[in-house]
Structures are given as C-alpha cells and as structure tokens.
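Residue numbers (the numbering used here): 1413 to 1648.
Cβ atoms here follow ideal geometry from the backbone N, Cα and C, with glycine treated the same way.
One structure is given here, and the rest of the page talks about it.
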Ligand code: DX5
Ligand code: ZN
C-alpha cells in the first residue's frame, strides 16, 4: 500500500524501511541541490526505499550542510521515509522542529548530549522513530542505558562531517555486539564509507539500513549504482 507519509505514523515509516532490508539509503550530501526534484525522482526511479539527510551545524562537526528548509523541501517532494541524521550540538532544542518539517526518523549523536535517553524519549513522544548515532571512538558501554529507548542505532564507520571517507571496520564489531545486545525490534544502520567493497561485511555484521553517499551520488547512473549495491547487500 502506498499511502502518503502524512497518513502513516512516522514510526511506521521506519518499519516500512526495515521491511526492505538490507536497505540501501542514499545520503543526499552530494546531490545537485539546484535540481532537487530531479535528484529525488531519479533516486525514486532507481528504487531507493527512503532518503538519508545529513544535517551538520559547523559546531558538533567541522562542516555545515543544511537544515529545516531542506528537510521540508524533501517532505514536499517525496512520500518515502526521511531518515534525518542530526550532527548538531543541543539536538533537544531542535527535534520538535525537525519532526514538524517532516522527518520520520530523527537520529541524534550520543556524543552531542549528556543524557541521550531523555532526547530519545522526546523524539518518541513526538511520534518519530528515535535513533542514536555512535562515532567510531565511542564505546558501546557509554550508551548502555539509552539503548532500550532507541528505535534505531546508527553505527558510524567514519568520523561524521564529510562524505567520501575511508570505512573504519571498528563499526563491524559494534554492529555484532549490538545485535546480541539490543531488542530485535531495534533497527541497526551503518553510515560512512559504505561502498561495493564494504557493503557485504556490513550486512553480515547485522546492518539492516546501509547509508551510501559517494558510491551512489558520486556516479552518473544512480539506477545502476543502487541495483549493484543492493545485489551485493542481498548476496551477503
Ligand atoms: C558523514 C555522513 C554520511 C556521509 C556518507 O558524516 O553522515 O551520511 O555523507 O557518505 P559516504 O558514503 O561517501 O561515506
Ligand atoms: Zn549520515
């Protein structure tokens, strides 16, 4: 059934994403923002199940990208789930606005807040899927008491801030540990350096959502890229 996003609860959009696992989600950092509608259509036609949007504030990470107006623009352009990755300081101050802008899943960084659990609960109360991202150097132990407030855990395989970085395999150990540790209802996602060479090991380690930036958007033929990555993910 293809209901518009407004007719579905935001959290059910996360279930919709998971139903396509292993799911290849394009990170839109490298898209042509001057032709956003065309980029969205090309990726929809390539069969992506949703969009991963990287919000950076130039403070939590050393790069600035985009914020609420772009999320709103994506919301107008597509009924597909919007997976919004907040690489910002003080995310608690902004989660309501990102929900109102049309985010289905809102992921905050464990390193950006003192008590991630409280912000995750705030996101759930809004009706969005609550995600917690963990940087490569952050041990799982530091987020233990927040894990049962998560609908999704995003394991970073690069330091956040830029696309096109080299995959750090420490993320694979974390995925395996998380799969043992968290409720099976929690969705596991990986982000950073996921490409043809690394996607198989991500799926084997338990990733269900695979965020891919440069290995799709850095190439002219999105359809071919999405199909190839999806085939490699499904073979694993
Ligand atoms: C990194 C972002 C990623 C990034 C992925 O800070 O969170 O989503 O754009 O890009 P690639 O796949 O090129 O590493
Ligand atoms: Zn991201």
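Residue i and residue j: beta carbons closer than 8 angstroms?
i	j	result
residue 1515	residue 1485	no
residue 1437	residue 1460	yes
residue 1626	residue 1492	no
residue 1495	residue 1465	yes
residue 1548	residue 1502	no
residue 1467	residue 1500	yes
residue 1520	residue 1489	no
residue 1593	residue 1559	yes
residue 1542	residue 1561	yes
residue 1575	residue 1439	yes
residue 1616	residue 1433	no
residue 1473	residue 1556	no
residue 1638	residue 1458	yes
Tell me whether residue i counts as near the ligand DX5, meaning its Cβ is closer than 7 angstroms to at least one heavy atom of that ligand.
i	result
residue 1482	no
residue 1574	yes
residue 1521	no
residue 1524	no
residue 1464	yes
residue 1570	yes
residue 1626	yes
residue 1577	yes
residue 1605	yes
residue 1623	yes
Quick check: is any heavy atom of the ligand ZN less than 7 angstroms from the C-beta of residue i?
i	result
residue 1439	yes
Could you tell me whether any Cβ in chain D is nearer than 8 angstroms to the Cβ of residue i?
i	result
residue 1440	In the displayed structure, chain D is absent; only one protein chain is listed.
Review point. Can at least three beta-carbon pairs, one atom from the segment 1570-1590 and one from the segment 1541-1554, be found at a separation below 8 angstroms?
Key: yes
Exercise for review: Please specify which runs of the beta strand (DSSP E), each continuous and at least 3 residues long, are wholly inside the segment 1468-1550, giving them in chain order.
Suggested key: 1494-1499, 1517-1521 and 1541-1546
Review point. For the segment 1578-1616, which segments carrying the alpha helix (DSSP H) assignment without a break, of at least 4 residues, lie completely within its bounds, in sequence order?
Key: 1582-1593 and 1611-1616
Exercise for review: Under 5 angstroms from any heavy atom of the ligand ZN, by CB: list those residues in chain order, please.
Suggested key: 1466, 1497 and 1603
Check your understanding: Would the segment 1587-1606 and the segment 1555-1569 be scored as touching if the rule is three or more Cβ pairs under 8 angstroms?
Key -> yes
Exercise for review: Inspect the CB distances between the segment 1607-1625 and the segment 1640-1647 and report whether three or more fall short of 8 angstroms.
Suggested key: yes
Practice item. Could you name each continuous alpha helix (DSSP H) segment of 4 residues or more that falls completely within the segment 1431-1458, going from the start of the chain to the end? Key: 1448-1457
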